[in-house]
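S.K.: My questions will all concern the structure given below.
Residue numbers (this note's numbering): 494 to 683.
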């Protein structure tokens, strides 16, 4: 049985290889490495701790079952996040979680007010930013979360969401614009 130190020295890809080679006890190390990261990511999709736990559990089951399908030439973390993302989307579809779409909003930002994203960074407006995120259509929300909250590169986001790099940039730009629009409207109501 590998020691804690030797587990920690393995890359994610090496760890996946060892689990595939029937060292099943090492799977707990994959869970240890990704449980908090994925929970943080998935929390942007669902607010209920029970729903979060369900999606997280399904994600780890799917990772384990599909480990033999992982392409060792790719980044393991992107593969894991793609599975988590797909599980969240499937969960939301299954339970018909509709969001008010900001897709039809105009993309023009009113310039004579304080910048809405700056306002959202203040303590008073953190909830407004979280609410704006929940209102975003899925196609904008996932890239925004992966880029700003998970610090993923455009390439990694493209791999997770199976999108070209340029599309990722466009979706992030439009998502930011939709958030600004939503926050500006929220600011006007105050």
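We treat Cβ as the ideally placed atom computed from N, Cα and C, and that holds for glycine.
My output table needs one value for residue 603: the three-state DSSP class, helix, strand or coil.
M.R.: The count along the chain shown starts at 1 and reaches residue 603 at position 110. Confidence at residue 603 is low in this model, with a pLDDT of 34, below 50, so its placement is unreliable and the value that follows should be read with caution. Coil.
S.K.: Quick check: the Cα distance between residue 522 and residue 500, rounded to an integer number of angstroms?
M.R.: Counted from its first residue, the chain shown places residue 522 at position 29. Counted from its first residue, the chain shown places residue 500 at position 7. If you take the alpha carbons of residue 522 and residue 500, they lie about 7 Å apart.
S.K.: Can you tell me whether residue 667 is buried or exposed? The criterion is at least 16 other CB atoms within 10 Å of its CB, across all chains shown.
M.R.: Numbered from 1 along the chain shown, position 174 holds the residue referred to as residue 667. That one is buried.
S.K.: Would residue 649 be called buried (16 or more neighbouring beta carbons within 10 Å of its own) or exposed?
M.R.: Counting from one through the chain shown, the residue named residue 649 turns up at place 156. Flag for residue 649 reads buried.
S.K.: Quick check: the segment 558-569 against the segment 654-672, are there 3 or more CB pairs under 8 Å?
M.R.: Taking 8 Å as the limit for Cβ pairs, the verdict is that the segment 654-672 does not touch the segment 558-569.
S.K.: Between 541, 662 and 588, which lies nearest to residue 636 when the distance is taken from Cα to Cα?
M.R.: The residue given as residue 636 occupies position 143 in the chain shown. With distances taken between Cα atoms, residue 636 lies closest to 662.
S.K.: Mark residue 620 as exposed unless 16 or more other C-beta atoms lie within 10 angstroms of its C-beta, in which case mark it buried.
M.R.: Reading the chain shown from its first residue, position 127 is the one you call residue 620. Looking at its Cβ environment, which holds fewer than 16 other Cβ atoms inside 10 Å, residue 620 is exposed.
S.K.: Are the C-beta of residue 528 and some C-beta of chain C separated by less than 9 Å?
M.R.: No chain C is part of this structure, which consists of one protein chain only.
S.K.: Which ranges would you report for the alpha helix (DSSP H) in the segment 637-677 if only whole runs of at least 4 residues count?
M.R.: Segments of the alpha helix (DSSP H) lying fully in the segment 637-677: 647-654.
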